[in-house]
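Top line first, the protein sequences correspond to chains A and B. If you're matching positions, the first sequence starts at 3 in the numbering used here and goes up one per residue. If you're matching positions, the second sequence starts at 80 in the numbering used here and goes up one per residue. All C-beta atoms in this analysis are idealised placements derived from N, C-alpha and C, irrespective of residue type, glycine included. Computed from a prediction, not measured in an experiment: that's the story for all the values here. Okay, so here's the structure we're looking at.
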Amino acid sequence: MSALVLLSVLGVVLLYLGLFSGRGILAPVGILGLLAAFVLFAADWHLESPLFGGLVIFDTYARSFSLVMIVVTVLLFLFGMDYYAKVRENVAEHYALMVFSLVGGVLICSFTNLVMLFLGIEILSIPLYILAGGKRDSFRSGEAAFKYFLQGAFASGFLLMGLALIYGATASFDLAAIEAWSAVAANGGNMLFLLGLFLTLAGLAFKVAAVPFHFWSPDVYEGAPTLITAFMSTVVKTAAFAAFYRFIANIQLPGAVENMLVVMTLCTLFLGNIVALRQTQFKRLMAYSSIAHTGFLLLAFLGTDSRTPDVLFYYLGTYALATVGLFIVLTLAKRAALGDENIRIFRGLFRSNPWIAIAAMLMLLSLAGIPLTAGFVAKYRVFVMGIANGYLWTTLFAVVMALVGIYYYILVIREAFTPQDQESKALAVAPINWLVISLCGVGVVALGVLPGLLRL
Amino acid sequence: MIAALLLLIPFISALALLVLRPAQARPIALVSTLASLAVVVFAWISYTGGMVIHYDYDWMNAWGLRFVVGYDGVGLLMLILTAVVFPFIIGAGYGQQHDRPAIFNALLLFTQTFLFGVFLAQNALLFYIFYELTLIPVFFLLLYWGGENRRNITVRFFIYTLLGGLSLLFGLVYLLIQSGGNGDFTALHGLSIQGGTQVWLFWILFLAFAIKLPIFPFHSWQPETYYMAPLQGTMVLGAVMLKMGLYGVYKIVFPIVPLGVEHWQSTVILLALIGAVYAGIIAFRQSDLKRLVAFSSLSHVGVLCAGLFAWNTYGISGSLYQAFAHAILVVGMLYLVGAMHERMGSTDMNAMGGLKNSMPRLAALFLLVLVNAVALPLTQSFVGEWLMFAGLWQVDGWLTLLAVSTIVLGAIYMLYAYQRVMLGPDRANMQLQDATTRDHIYLVPLIAVTLILGVHPGPILELVDAPVLQLLSSLSVN
């Protein structure tokens, strides 16, 4: 609880700092605050008491996901030191809004009451609507914010309707009560509950960008400032998945909902991977790759398996690590290419910045799921669970889609390792960015070799 | 200790080359591979039979992945093959001009590390991990140092091979669930899977190796990749990497899905032999020496695979023995391709002819390498081919005839190539340098190995015999 309060205060403090003093100390203060929150979360590791009258509980699950989100936010703030160095206005707001969004993320990892789920998602989302439009003079950025807001509002509507219907069926917002209610065999065919589940899952699927609720993500990813895109595809995605699983983990799902999840998994895997093949803009590629990874993560949801939270945690943590690094590399290359985002801008990277190219390669291989990187371990575990839970054909389909996935990541690697026609200048890499990129590159290999380091 | 040394020597040398980027990278790499060779020779001398397990550590135990390394006779043969061939592969770099030689040689050494890993792994997932890892350094070798059109060919090669790899992974995960989460080969070999399942599982598992070898109709990546790759890259692909396919069939397909093998045996043999004849005919039509080697390798591999699937002592031992012979042959042939390229500036046979006049010694060496390719008696290939045909004969006489015809084809295109390059009037009319000391140092040991093992195949066959007999008897018991 103290950590939650600290994070909320941190956001306010950052806003005030923006009013009174220079931009230089924003990121350091933010990072210090986040680290303090990290320590507070880690310190009361064994306390598992419900807070706010049973709306929230910081159990191991919630705390682990919160810690990962905080670490990723710290990495993004480190990146922000360089990213916002030349921006004049509203820098403090950006940092503060990210912290507020993080608070929402922490809340939806730990909810035990559906009211808190809804509130958390709104706290998570509303800062994002603003952040997506962060580049005020950019048409694309405004478009992204508008699209995200409209569709997000729609999804919130679904979610709220779904929660209301579930309340109608079960007469409770309390997760444990709903779980108990759903376990009663006589309640299996309740239409109100079924409809409520469908709508709620649709709302959650929107947040994790599962097909057919993914339409916002490529445009928003492309239009939003790169740092915010990185934030959305890591912290927000982690939070949304943690909430998604927390919601369905112990509810006895009716067969129709199970089937819906399978269909959603198949569609997400297919669309994410196939459409990514045709992308030439790196940010859009990452958006579809993010959708594709949603598909693999959904595969871990199918069936009931005690290993799911652990697998989810590992997958999301390592995915975030690779993604943050790649978005930093993108920003550097994009600067040198005067704003171009085509994957061609990576050409000759190995010649000019060998270490950056190798680190980027490691991160891309991790996303592709090549052995000895964390991505392989993550995908491998998902496949094992898929087959063990009896989804043989769905898993086979996922394996085929993993191959498709490898193809588009390899195309990016190929660009980086193809010499450019004319001698290319080395990218200017600030030491802090170099550090974060190296950390991410080494991290995905270290976690791939020693997967035991990252577990619930 | 042996396993650790084999994995660490090339790996640490590669890392050192990568980080320090010394100007003289090649001698360091050469010393490293010679050290590995010494370790393997020591392992061979001290090997007394059976399965030797060196390490057994937990890694991701709950998920079936354990670090278990060791070898039996066949594994040791593959280790010997890798260790013998790699000094030659590194040595072939003398006379080649490379951009960034340190990284180039580091990638070669990484490949060697992972290949050792494949042949040492006694856990199916560890095997898979090393199997896929071999692809990464080779991918960069081809992408950065390859020839014309390398960008597209490399990606196609990579995706094609990974298609097989992921299919293998799917099969292994399926088996892992069946065995209750134990991924060790000993556990998987003990599974008895339903006949109906084995029929489809066979292809799931075999696809990876069919592509790696490659056999018809999964071969379309091979000729272009071999042609485009830098010379040493082609050597790695042709001499060692495709042997992973044979080894995989021996280690995974045969013991785990025997009923599936029985069901598909004749189909696979027929496909392999069709590919062998087809590649032989295409090889005859080639006018480029490197392409000729690519297609001849494709043809040889077809016979290797057919021999393996003869599925009896003669066939399997013959195929594994021939795998060794083929590795030596590919390296020798490709070195000659490189030597011609150094002198002529191209490998186009139309521009050659009558070269024997200006370089009689090299012509003689060429011929000595060639006799191995056409499986002349007293060469290593003769032993292997003979065993494989004996094995195939027990399966079907007509198939054997088809297999033997590839030898005839081989003799035709190889000797025809020799004729076009070396004999006849001196068309090029260039005063070319005859075989240098380096050529002799390189080729004479290769030829010596060929001839010695052709006359005295015992040491190698002894290694293979016991495990093959054990495999076959364990299957007949089931």
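Cβ-Cβ separation, residue j to residue i (assumed contact under 8 Å), whole Å
i: B:Pro334; j: B:Leu550; result: 6 Å
i: B:Thr213; j: B:Met320; result: 6 Å
i: A:Met387; j: A:Val313; result: 6 Å
i: B:Leu525; j: B:Gly354; result: So it is not a contact: roughly 26 Å between Cβ atoms.
i: B:Arg105; j: B:Pro180; result: 6 Å
i: A:Ala294; j: A:Asn275; result: 5 Å
i: B:Ile407; j: B:Val528; result: 6 Å
i: A:Thr320; j: A:Thr296; result: About 15 Å separates the two Cβ atoms, so there is no contact after all.
Chain B contact residues for residue i, given Cβ-Cβ distances below 9 Å
i: A:Tyr410; result: Going along chain B, no residue has its Cβ under 9 Å from A:Tyr410, so there is no contact; the nearest lies around 10 Å.
i: A:Ile389; result: Phe249, Val252, Tyr253, Leu255 and Ile256
Cut-off 8 Å between Cβ atoms - residues of its own chain near residue i, not counting five sequence neighbours on either side
i: B:Ile88; result: Ser111, Ala114, Ser115 and Val118
Any non-hydrogen atom of the ligand COA closer than 7 Å to residue i Cβ
i: A:Leu80; result: This structure does not include the ligand COA; it has no bound ligands of any sort.
Within-8 Å CB hit, residue i to chain D
i: B:Phe281; result: Annotation note: the requested chain D is absent from the structure, which comprises protein chains A and B.
Partner residues on chain A for residue i, Cβ-Cβ distance less than 9 Å
i: B:Met139; result: Val379, Tyr382, Arg383, Pro453 and Gly454
i: B:Ile208; result: Pro373, Leu374 and Phe378
i: B:Tyr126; result: The premise fails here: B:Tyr126 is roughly 29 Å from chain A at the closest Cβ pair, so nothing lies under 9 Å.
i: B:Tyr223; result: Phe352, Phe419, Thr420 and Pro421
Within-8 Å CB hit, residue i to chain B
i: A:Leu405; result: yes
i: A:Leu304; result: no
i: A:Leu162; result: no
i: A:Leu398; result: yes
i: A:Val105; result: no
Beta-carbon contacts of residue i that lie in its chain and below 7 Å, excluding the five residues immediately before and after
i: A:Leu126; result: Ser103, Gly106, Gly107, Ile110, Val238 and Ala241
i: A:Ala404; result: Gly371 and Lys381
i: A:Ala64; result: Cys111 and Ser112
i: B:Gly567; result: Summary: the structure shown does not reach residue 567 of chain B, with chain B confined to residues 80 through 557, and so no result is reported for it.
i: B:Tyr207; result: Leu247, Leu248 and Leu251
i: B:Leu530; result: Leu457 and Thr458
i: B:Asp427; result: Ser366 and Asp367
i: B:Asp263; result: Arg145, Val147, Gln201 and Asn202
Neighbour flag for residue i against chain A, beta carbons, 8 Å
i: B:Tyr400; result: no
i: B:Trp300; result: no
i: B:Val278; result: no
i: B:Phe388; result: no
i: B:Tyr136; result: no
i: B:Leu481; result: no
i: B:Val336; result: no
i: B:Phe237; result: yes
i: B:Leu67; result: A query on residue 67 of chain B cannot be resolved here, the shown segment of chain B reaching from 80 to 557 and no further.
i: B:Ile215; result: yes
Spatial distance of residue i from residue j (CA atoms)
i: B:Thr479; j: B:Ala404; result: 20 Å
i: A:Val451; j: B:Thr458; result: 45 Å
i: B:Phe374; j: B:Ala362; result: 5 Å
i: A:Pro227; j: A:Asp46; result: 36 Å
i: A:Val213; j: A:Gly136; result: 26 Å
i: A:Val444; j: A:Met363; result: 11 Å
i: A:Ala39; j: A:Gln153; result: 32 Å
i: B:Ala514; j: B:Asn436; result: 12 Å
i: A:Met265; j: B:Ala545; result: It is worth fixing the name first, because residue 265 of chain A is Val in this sequence and not Met. A:Val265 and B:Ala545: Cα-Cα distance of roughly 51 Å.
i: A:Thr282; j: A:Ala94; result: 33 Å
i: A:Val117; j: B:Leu85; result: 60 Å
i: A:Thr114; j: A:Val326; result: 30 Å
Contact set for residue i: own chain, Cβ-Cβ below 6 Å, skip 5 residues either direction
i: A:Ala324; result: Met365, Ser368, Leu369 and Val446
i: B:Glu421; result: Gly174
Residue i: contacting residues in chain B (beta-carbon distance under 7 Å)
i: A:Ile180; result: Result: empty, since nearest Cβ-Cβ is about 31 Å, beyond 7 Å.
i: A:Val1; result: Summary: the structure shown does not reach residue 1 of chain A, with chain A confined to residues 3 through 458, and so no result is reported for it.
i: A:Leu314; result: Within 7 Å Cβ-Cβ: nothing; A:Leu314 doesn't reach chain B, min ~15 Å.
i: A:Leu126; result: By Cβ distance, chain B contributes nothing, its closest Cβ being about 32 Å from A:Leu126, past 7 Å.
Partner residues on chain A for residue i, Cβ-Cβ distance less than 7 Å
i: B:Glu211; result: Ile372 and Pro373
i: B:Arg230; result: Arg416 and Thr420
Per-residue contacts from residue i into chain B (C-beta, under 8 Å)
i: A:Val386; result: Trp142, Gly143, Val252, Leu255 and Ile256
i: A:Val401; result: Leu245, Ser246, Leu248 and Phe249
Cross-chain neighbours of residue i in chain A, by beta carbon under 8 Å
i: B:Ile290; result: Per Cβ cutoff of 8 Å: no residues; B:Ile290 is ~12 Å from chain A at best.
i: B:Leu241; result: Leu405 and Ile408
i: B:Phe219; result: Phe419
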